[in-house]
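Read through the structure below, which is laid out as structure tokens, and then see the notes.
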Amino acid sequence: MAGFKKKASREMPELSTSSLPDLIFTILFFFMMVTTMREVTLKVKFTVPSGTELEKLEHKSDVSFIYVGPPTDNLRGQFGTGTRIQLNDRYADTREVMDFVAQERQGMQDQTKQVISIKADVYTQMGIITDIKEVLRKSYALKLNYSASQRN
Amino acid sequence: MAKKKKKMPGLNTSSTADISFMLLIFFLVTTSMDTDKGLTRRLPPPPENQEKNMVQINERNIFKVNINSIGKIMISGGEKLECTPNDLARLRSLVKDFIAGKPAPGETKGPECSMVNVPGLGPTLCSDKHVISLASDRGTPYAAYFAVQNELVAAYNELRDERAKEKFGRPYEALNDDNKGAIREIYPQKISEAEPVDYTKKFAN
Numbered sequence: 004m005a006g007f008k009k010k011a012s013r014e015m016p017e018l019s020t021s022s023l024p025d026l027i028f029t030i031l032f033f034f035m036m037v038t039t040m041r042e043v044t045l046k047v048k049f050t051v052p053s054g055t056e057l058e059k060l061e062h063k064s065d066v067s068f069i070y071v072g073p074p075t076d077n078l079r080g081q082f083g084t085g086t087r088i089q090l091n092d093r094y095a096d097t098r099e100v101m102d103f104v105a106q107e108r109q110g111m112q113d114q115t116k117q118v119i120s121i122k123a124d125v126y127t128q129m130g131i132i133t134d135i136k137e138v139l140r141k142s143y144a145l146k147l148n149y150s151a152s153q154r155n
Numbered sequence: 328m329a330k331k332k333k334k335m336p337g338l339n340t341s342s343t344a345d346i347s348f349m350l351l352i353f354f355l356v357t358t359s360m361d362t363d364k365g366l367t368r369r370l371p372p373p374p375e376n377q378e379k380n381m382v383q384i385n386e387r388n389i390f391k392v393n394i395n396s397i398g399k400i401m402i403s404g405g406e407k408l409e410c411t412p413n414d415l416a417r418l419r420s421l422v423k424d425f426i427a428g429k430p431a432p433g434e435t436k437g438p439e440c441s442m443v444n445v446p447g448l449g450p451t452l453c454s455d456k457h458v459i460s461l462a463s464d465r466g467t468p469y470a471a472y473f474a475v476q477n478e479l480v481a482a483y484n485e486l487r488d489e490r491a492k493e494k495f496g497r498p499y500e501a502l503n504d505d506n507k508g509a510i511r512e513i514y515p516q517k518i519s520e521a522e523p524v525d526y527t528k529k530f531a532n
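Chains as they are written, first to last, in the numbering used here: chain E, 4 to 155; chain L, 328 to 532.
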């Protein structure tokens, strides 16, 4: 009897995972496109104000950030709670802003397009911001951006 | 007795997914996706000659906004405002009226306007002489200063938007660069920030 041999219980075919890497790679490339490398570790804590008339910062490579605010929680014991200015990875003085601007400018393709974005805490006193603005004027970095979050 | 040629086994690719996952996670951790937005301002170039900067401006052309060290606002005419949504909206409408030609509070005449031949629009009345003078104290909270700046820019944007809709039938943002320039010429942004005075030096001389 060559007839109908009972087939072994049919197994579910294994899910093909051969396209999984491609999928993940696509997500990877997507993220590489839309995100930017985080350049500095924040040493100051800040909540930016909110506004309605905001503009997007177009060219990330032309933008340099100045952070203003009190030290973060883990650094508070060491540096106190006074408002600090952070340039790159360290606390700085208002006078150092000029060097910072010049240094940032060097790496830019079109130096006239340089934008300085101030990310300052809402409770900062204007005295510090005014000082920074004066230094920026002196160093001819006249395009300024007060970083803020969108509000309706 | 030549050996039978062995077939090359296919490369095992089952771990590629894991590797790319690792890469993905690495990028997720090290990058930030925050889109940076902010209020764009232009600073005046540094003063080269002190005398040159002393320009007399007619009182009627100035709208004063002062913010004190506790974030309270005083405007031309002595009216006091606070940083509440209602008061800020009032500030915005007052500034808007002022730029459009109405007198600032406490003044009898509005800012001077002049006929300018705007490219694309012909001779138009431009509010080119007005100045909004913004002064803040060293102790002013940044939030208050920012809120006021935001309202001032909003006043300009609303006026430009209205004019753009009237002249070109489209909002300001949708115009091309030439038309935007024309509208800008009608309502040029003139926010002057008082230079901080160093009193210690002033009295030393």
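Glycine included, each C-beta is placed from N, C-alpha and C at the ideal position.
Residue range of the beta strand (DSSP E) that includes residue i
| i | result |
| --- | --- |
| L:E520 | I518 to E520 |
| E:Q112 | Looking at the DSSP string, E:Q112 is not in any beta strand (DSSP E), and its letter there is neither H nor E. |
| L:F390 | I389 to I394 |
| L:L461 | V458 to S463 |
Residue interval of the alpha helix (DSSP H) (run including residue i)
| i | result |
| --- | --- |
| L:Y514 | Careful: L:Y514 lies outside any alpha helix (DSSP H) and carries neither H nor E. |
| L:Q476 | Y469 to F495 |
| E:V138 | M129 to K141 |
| E:T97 | Neither: E:T97 is in no alpha helix (DSSP H) and is coded neither H nor E. |
| L:N413 | P412 to A427 |
| L:P344 | A small fix is needed here, since residue 344 of chain L is Ala in this sequence, not Pro. Residues T343 to T357. |
| L:P450 | Where L:P450 is concerned, there is no enclosing alpha helix (DSSP H), although the beta strand (DSSP E) it sits in stretches over G449 to C453. |
| E:V125 | No alpha helix (DSSP H) holds E:V125; DSSP gives it neither H nor E. |
| E:R79 | R79 to F82 |
| L:P430 | It is not in any alpha helix (DSSP H) - L:P430 carries neither H nor E in the DSSP assignment. |
| E:F32 | L23 to V37 |
Contacting residues, own chain, Cβ-Cβ under 8 Å from residue i (five flanking each side not counted)
| i | result |
| --- | --- |
| E:R154 | S53, G54 and T55 |
| L:D525 | Only weak support is given to the placement of L:D525: the predicted model assigns it a pLDDT of 47, under 50, and the question is left unresolved by the model. |
| L:G398 | E409, C410, T467, P468, A470 and A471 |
| E:R13 | none |
| L:F354 | none |
| L:G433 | S403, G404 and G405 |
| L:F530 | Low per-residue confidence applies at L:F530: pLDDT is 46, beneath 50, and the placement is therefore not dependable enough to give any value. |
| E:E107 | S67 and Q117 |
| E:K48 | G72, P73, P74, T75, D76 and D124 |
| L:S441 | L452, C453, D455 and K456 |
| E:L60 | V66, V118, S120 and N148 |
| L:Y483 | I426, Y514 and Q516 |
| E:M111 | S64, D65 and Q117 |
Cross-strand partners of residue i (DSSP beta bridge)
| i | result |
| --- | --- |
| E:S120 | E:F68 and E:N148 |
| L:K436 | Looking at the DSSP assignment, L:K436 forms no beta bridge with any residue, so it has no partner. |
| L:K364 | E:K59 |
| E:I88 | E:V71 and E:A95 |
| E:G54 | E:Q153 |
| L:M401 | L:N393 and L:K407 |
| L:N444 | L:P450 |
| L:R369 | E:K146 |
| E:V47 | E:P74 |
Cβ-based neighbour list, residue i, same chain, cut-off 7 Å, excluding 5 preceding and 5 following
| i | result |
| --- | --- |
| E:M35 | none |
| E:T20 | none |
| E:S142 | M101, V104 and A105 |
| L:K548 | Limits of chain L in this structure are 328 at one end and 532 at the other, which puts residue 548 of chain L out of reach. |
| L:K517 | H457, V458 and I459 |
| L:A509 | V445, P446, G447 and L448 |
| L:A303 | Nothing about residue 303 of chain L can be read from this structure; chain L reaches only from 328 to 532. |
| E:F140 | Reading off the sequence shown, one finds Arg at residue 140 of chain E, where the question assumed Phe. Excluding positions up to five away in sequence, the list is empty. |
| L:A384 | This sequence places Ile at residue 384 of chain L; Ala is not what is there. Closer than 7 Å at Cβ, skipping near neighbours: V458. |
| E:E99 | L90 |
| E:T97 | I88, D134, I135 and V138 |
Heavy atom of the ligand FMN within 8 Å of residue i beta-carbon
| i | result |
| --- | --- |
| L:G337 | This structure lacks the ligand FMN, and indeed carries no ligand of any kind. |
Contact set for residue i: own chain, Cβ-Cβ below 6 Å, skip 5 residues either direction
| i | result |
| --- | --- |
| L:S463 | I394 and Y472 |
| L:K436 | R387 and P430 |
| E:K146 | V118 |
| L:A481 | R419 |
| L:D414 | L408 |
| L:V443 | C453 |
Quick one: which residues of the segment 51-79 of chain E get their C-beta closer than 9 Å to a C-beta of chain L? List them in chain order. V51, P52, S53, G54, T55, E56, L57, E58, K59, L60, K63, V66, F68 and V71
Of all the residues that make up the segment 475-501 of chain L, which are near chain E by a beta-carbon distance shorter than 8 Å? Q476, N477, V480, A481 and N484
Contact residues within the segment 346-370 of chain L, judged by C-beta distance below 7 Å to chain E: S347, F348, L350, L351, F354, L355, T357, T358, S359, M360, T362, D363, K364, G365, L366, T367, R368, R369 and L370
Residues of the segment 385-405 of chain L with Cβ closer than 9 Å to any Cβ of chain E, in chain order: I394 and S396
Proximal residues, the segment 407-434 of chain L versus chain E, C-beta separation under 7 Å: none
When Cβ atoms are compared, which residues of the segment 22-46 of chain E fall closer than 7 Å to chain A? Although the question refers to chain A, the structure presented lacks it and instead comprises the protein chains E and L.
Against chain L: residues of the segment 95-109 of chain E by CB proximity under 7 Å: none
Could you please tell me which residues of the segment 126-140 of chain E, in chain order, have their CB closer than 9 Å to any CB of chain L? Y126, T127, Q128, M129, G130, I131, I132, T133, D134, K136, E137, L139 and R140
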